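Asker: Below: one structure in structure tokens.
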Amino acid sequence: MKRIEIAKKIGELKKKHGLYVLDLLREEEVLMYWRSLGVKYGLPIDALNEIVRSLLKLSRSVQIKIQSGLGLKEKAICMVGYGAMSSTLSQAFINEGYKIIITGRDVEKAHEVAKKLGVASGSIEEALTQCDVAILAIPTQAFLEGYVDTIAGFLKGKIVMDILSTKAAVFKRVEDLSERHNFNYVSTHPLFGPYTPPRGERIVLIPSKTGFAVIDYVQDLWKSIGVEPVMSTLEEHEKAMAIIQVLTHFMLFTYRDAVKSMAEELGIDVEKFATATYRDVRAVVARLEKIKSVVREIEMQNPYSHYVKTSLAAFLKERVSIDAKGD
18 MKRIEIAKKI GELKKKHGLY VLDLLREEEV LMYWRSLGVK YGLPIDALNE
68 IVRSLLKLSR SVQIKIQSGL GLKEKAICMV GYGAMSSTLS QAFINEGYKI
118 IITGRDVEKA HEVAKKLGVA SGSIEEALTQ CDVAILAIPT QAFLEGYVDT
168 IAGFLKGKIV MDILSTKAAV FKRVEDLSER HNFNYVSTHP LFGPYTPPRG
218 ERIVLIPSKT GFAVIDYVQD LWKSIGVEPV MSTLEEHEKA MAIIQVLTHF
268 MLFTYRDAVK SMAEELGIDV EKFATATYRD VRAVVARLEK IKSVVREIEM
318 QNPYSHYVKT SLAAFLKERV SIDAKGD
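18 is the number of the first residue of the sequence shown in this note's numbering; add one for each residue after it.
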């Protein structure tokens with residue numbers, strides 16, 4: 018396919034010059050170009066958007082894989098946890114030929130998920146003894162309750178990653194465990210949810226003191242499934258996520274509640290007048306509602322959560338004042 022060959026060449030050039038694969042401005046230009054053609058020829062824009070976005074993600078994935086080292090797939094990966102994100106990541110690794118073993122506190126739940134994926138499962142001890150890499154796909158509360166402390170002895174000599182959206186409450190704790198129990202810890206944050214295919218997306222990597230020794234391998238591991246790594250520090254990540262996640266989620270849920278309240282008060286059926294932009298926003302809110310518990314956890318755990326919400330309130334008050342003056 019000509020598009021794939023072009024993507025490979027672009028990927029090689031970006032690798033040569035040390036550039037990130039994802040270029041949002043360029044992708045937006047491409048998308049708007051195809052939208053204009055859709056309008057010109059009377060094509061269904063929503064369907065066209067999906068096709069173009071899918072092709073862009075495929076192109077990204079090809080470029081990312083070009084940058085990955087080879088010979089990684091002999092390594093077995095242990096997925097500790099059996100939620101939606103665990104299944105999504107497991108499937109991505111399975112699709113690329115990795116051996117995956119599912120485990121967790123509830124062996125029966127692990128077995129059920131493993132059966133659906135067509136992979137092995139086992140107790141923590143059984144699973145971890147067979148793996149080189151352990152991905153802790155468990156909620157913050159499990160870390161805070163000491164679950165990782167109880168399994169740390171089985172992690173010796175392994176590469177260990179969490180996938181938490183907010184790290185402040187657990188990073189130092191797991192870093193200390195990695196030093197005491199001799200494993201390499203790299204904290205990660207997939208910049209996509211369980212209902213988004215990972216291919217062509219990004220993941221943040223935050224190496225701990227013990228993680229720098231294996232960071233090249235970890236980068237190649239994620240690149241091999243078409244996910245682009247982005248390096249960060251703990252502080253930089255928490256500040257960024259306060260703006261990108263906490264603020265965005267807060268605004269969208271507030272907007273949802275405001276629309277409902279105002280529509281009821283004014284006696285308006287907003288769906289009757291829904292524009293394309295309104296439908297797009299509503300679709301994003303609907304996706305977030307499916308992971309409300311995760312959204313709430315991010316809001317509660319991020320140390321800059323209160324700052325971004327109070328700052329937003331101040332900005333809104335200022336904007337209302339400016340608009341009232343007609344400036």
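Even for Gly, the Cβ is constructed at its ideal location relative to N, Cα and C. Source: prediction; values computed, not measured.
Could you tell me which of Ile223, Val276 and Ser182 sits nearest to Asn201, measuring between CA atoms?
Answerer: The option with the nearest alpha carbon to Asn201 is Ile223.
Asker: Where does Asp40 fall in DSSP's three states?
Answerer: Coil.
Asker: Determine the direct distance from the alpha carbon of Ile21 to that of Asp193, and round the result to whole angstroms.
Answerer: Cα to Cα, Asp193 sits roughly 44 Å from Ile21.
Asker: If we count the other Cβ atoms within 10 Å of its Cβ and call it buried at 16 or more, is Asn319 buried or exposed?
Answerer: When all chains shown are included, Asn319 counts as buried.
Asker: Who are the near neighbours of Ile220 in its chain, counting only those whose CB is closer than 6 Å to its CB and skipping five residues on each side?
Answerer: Within the same chain, Ile220 has close Cβ partners Thr205, Pro207, Trp239, Val244 and Pro246.
Asker: With a threshold of 6 Å on Cβ separation, who are the neighbours of Leu73 within its own chain once the five nearest residues in sequence on each side are excluded?
Answerer: Cβ within range, chain order: Glu44.
Asker: On the DSSP letters alone, give me the boundaries of the beta strand (DSSP E) that Ile152 sits inside.
Answerer: Val150 to Leu153 is the extent of the beta strand (DSSP E) around Ile152.
Asker: Buried or exposed for Val10, going by 16 or more other Cβ atoms inside 10 Å?
Answerer: Outside the displayed range of the chain (18 to 344) lies residue 10, so it cannot be described from this structure.
Asker: Check the DSSP bridge columns for His206 and list the partner residues they point to.
Answerer: In DSSP, His206 forms a bridge with Val221.
Asker: Just the C-alpha distance for Ile232 and Ser225, rounded to the nearest angstrom, thanks.
Answerer: Approximately 10 Å, taken between the alpha carbons.
Asker: So, for Thr105: in the same chain, excluding its five sequence neighbours on each side, which residues have a beta-carbon less than 6 Å away from its beta-carbon?
Answerer: Excluding sequence neighbours, Thr105 sits near Pro211.
Asker: Figure out for me which residue from Thr146, Val150 and Val124 has the closest Cα to the Cα of Ser138.
Answerer: Answer by Cα proximity: Val124.
Asker: Among residues of its own chain, excluding the 5 on either side of Cys148, which ones have a beta-carbon nearer than 7 Å to its beta-carbon?
Answerer: If we look at Cys148 and ignore the five residues flanking it on each side, its Cβ neighbours are Ala93, Ile94, Cys95, Ile118 and Lys175.
Asker: Need the endpoints of the beta strand (DSSP E) that Thr265 sits in, please.
Answerer: Thr265 -> not in any beta strand (DSSP E); alpha helix (DSSP H) instead, spanning Thr265 to Leu283.
Asker: State the beta-bridge partners of Glu245 as determined by DSSP.
Answerer: Paired residue(s): Arg219.
Asker: Can you tell me whether Tyr115 is buried or exposed, with buried defined as 16 or more other CB within 10 angstroms of its CB?
Answerer: Tyr115 comes out buried.
Asker: For Thr120, report the span of its alpha helix (DSSP H) as first-last.
Answerer: Thr120 -> not in any alpha helix (DSSP H); beta strand (DSSP E) instead, spanning Lys116 to Thr120.
Asker: Between Ser249 and the ligand GDP, is there a pair consisting of the residue's CB and a ligand heavy atom that are separated by less than 7 Å?
Answerer: Looking at this structure, you won't find the ligand GDP or any other ligand, since it has none at all.
Asker: Please say whether Val187 and Thr157 have beta carbons closer to each other than 8 Å?
Answerer: Closer than 8 Å, so yes.
Asker: Taking the straight line between their C-alpha atoms, what separation do you get for Gly217 and Leu41?
Answerer: Approximately 12 Å, taken between the alpha carbons.
Asker: Just reading off the beta strand (DSSP E) that Leu93 is part of, what are its end residues?
Answerer: Note that residue 93 corresponds to Ala in the displayed sequence, not to Leu. Ala93 -> beta strand (DSSP E) spans Ala93 to Val97.
Asker: Let's see if you can read the secondary structure: which residues bound the alpha helix (DSSP H) around Asp297?
Answerer: Taken as a continuous stretch (DSSP letters only), the alpha helix (DSSP H) holding Asp297 covers Ala293 to Glu306.
Asker: Report, in whole angstroms, the separation of the C-beta atoms of Gly198 and Ala169, which I expect to be a contact under 8 Å.
Answerer: Rather than Gly, the amino acid found at residue 198 in this sequence is His. Rounded, the Cβ-Cβ distance is 4 Å, consistent with contact.
Asker: In whole angstroms, what separates the C-alpha of Lys256 from that of Lys31?
Answerer: Cα to Cα, the separation comes out at about 28 Å.
Asker: Can you give the Cα-Cα distance for Lys189 and Lys342, rounded to whole angstroms?
Answerer: The alpha-carbon atoms of Lys189 and Lys342 are separated by roughly 49 Å.
Asker: Using C-beta distances below 8 Å, list every residue in its chain close to His266, excluding the 5 sequence neighbours before and after it, in chain order.
Answerer: If we look at His266 and ignore the five residues flanking it on each side, its Cβ neighbours are Leu305, Val312, Ile315 and Glu316.
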